[in-house]
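Undergrad: In our numbering, the protein residues as written are 634 to 783. Idealized CB from N, CA, C, for every residue including glycine. In this text, all values refer to a predicted model and were calculated from it rather than measured experimentally.
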């Protein structure tokens, strides 16, 4: 919901493949101004499949955060699950491990938080911790969605 998705079965493997979606800078800046801490929680199965490296994913997110910060739309932190579905880890959404880690590190009250995602697994992770959940999609951008509360 921050960047354009890769085609099915492919991955964003380097910064040159990354493309911000329209309205993302403004949406995140509005969330920040409304007092929200903004986090990214991302499943990156491509690491487990060896289609990309952890270092490449970290670099993409570093550049993403730098561009957003420069535009006045900072991201507090990015949480990455590098595991595959078969690994049965606690961090891969729909399990709430990454959200619980944010609570532990940042003292976030998850029951007073909002989880916005484009997949059902995002929403399931949010529901598991008692957060309000909202879904973005082809007809609803992040900016459209947050206009009702930020």
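Less than 7 Å between C-beta atoms, sequence neighbours within five positions excluded: which residues of the same chain meet that for residue 767?
TA: Within the same chain, residue 767 has close Cβ partners 747, 749, 778.
Undergrad: Going by Cα to Cα distance, which pick from 645, 772, 695 is closest to residue 712?
TA: The option with the nearest alpha carbon to residue 712 is 695.
Undergrad: Quick test of your reading: residue 729 and residue 758, contact by CB under 8 Å. State the CB separation rounded to the nearest angstrom.
TA: Indeed they touch by this definition, with Cβ atoms about 5 Å apart.
Undergrad: Please classify residue 677: is it buried, with 16 or more other beta-carbons within 10 angstroms of its beta-carbon, or exposed?
TA: Flag for residue 677 reads buried.
Undergrad: Taking the CB atoms as reference points, tell me whether residue 709 and residue 670 lie closer together than 7 Å.
TA: A contact, by the Cβ cut-off of 7 Å.
Undergrad: Taking DSSP as the reference, what is the three-state secondary structure of residue 739?
TA: Three-state DSSP puts residue 739 in a helix.
Undergrad: In terms of alpha-carbon separation, which member of 674, 735, 683 lies closest to residue 646?
TA: Residue 683 is the option with its Cα nearest to residue 646.
Undergrad: Entirely within the stretch 664-706 and at least 3 residues each: give me those beta strand (DSSP E) ranges in chain order.
TA: Counting whole runs of 3 or more residues, the stretch 664-706 contains the beta strand (DSSP E) stretches 672-676.
Undergrad: Could you tell me which whole alpha helix (DSSP H) segments of length 4 or greater appear in the stretch 736-779?
TA: If we require 4 residues or more, the alpha helix (DSSP H) runs fully inside the stretch 736-779 come out as 753-761, 775-779.
Undergrad: Would DSSP call residue 718 helix, strand or coil?
TA: Residue 718 falls in the helix class under three-state DSSP.
Undergrad: From the DSSP output, which residues share a beta bridge with residue 711?
TA: Residue 711 pairs with 673.
Undergrad: Can you tell me whether DSSP reads residue 658 as helix, strand or coil?
TA: Looking at residue 658 - three-state DSSP - the assignment turns out to be helix.
Undergrad: Strictly by DSSP, which residues pair up with residue 653?
TA: 636, per the DSSP bridge assignment.
Undergrad: Return the residue from the list 664, 693, 686, 667 that minimises the CA-CA distance to residue 636.
TA: The option with the nearest alpha carbon to residue 636 is 693.
Undergrad: Relative to the alpha-carbon of residue 648, which residue among 698, 660, 742 has its alpha-carbon at the smallest distance?
TA: Comparing Cα positions, the closest option is 698.
Undergrad: Suppose contacts are defined by Cβ-Cβ distances below 7 Å. Is residue 660 in contact with residue 775 by that definition?
TA: Yes, the Cβ-Cβ distance between residue 660 and residue 775 is below 7 Å.
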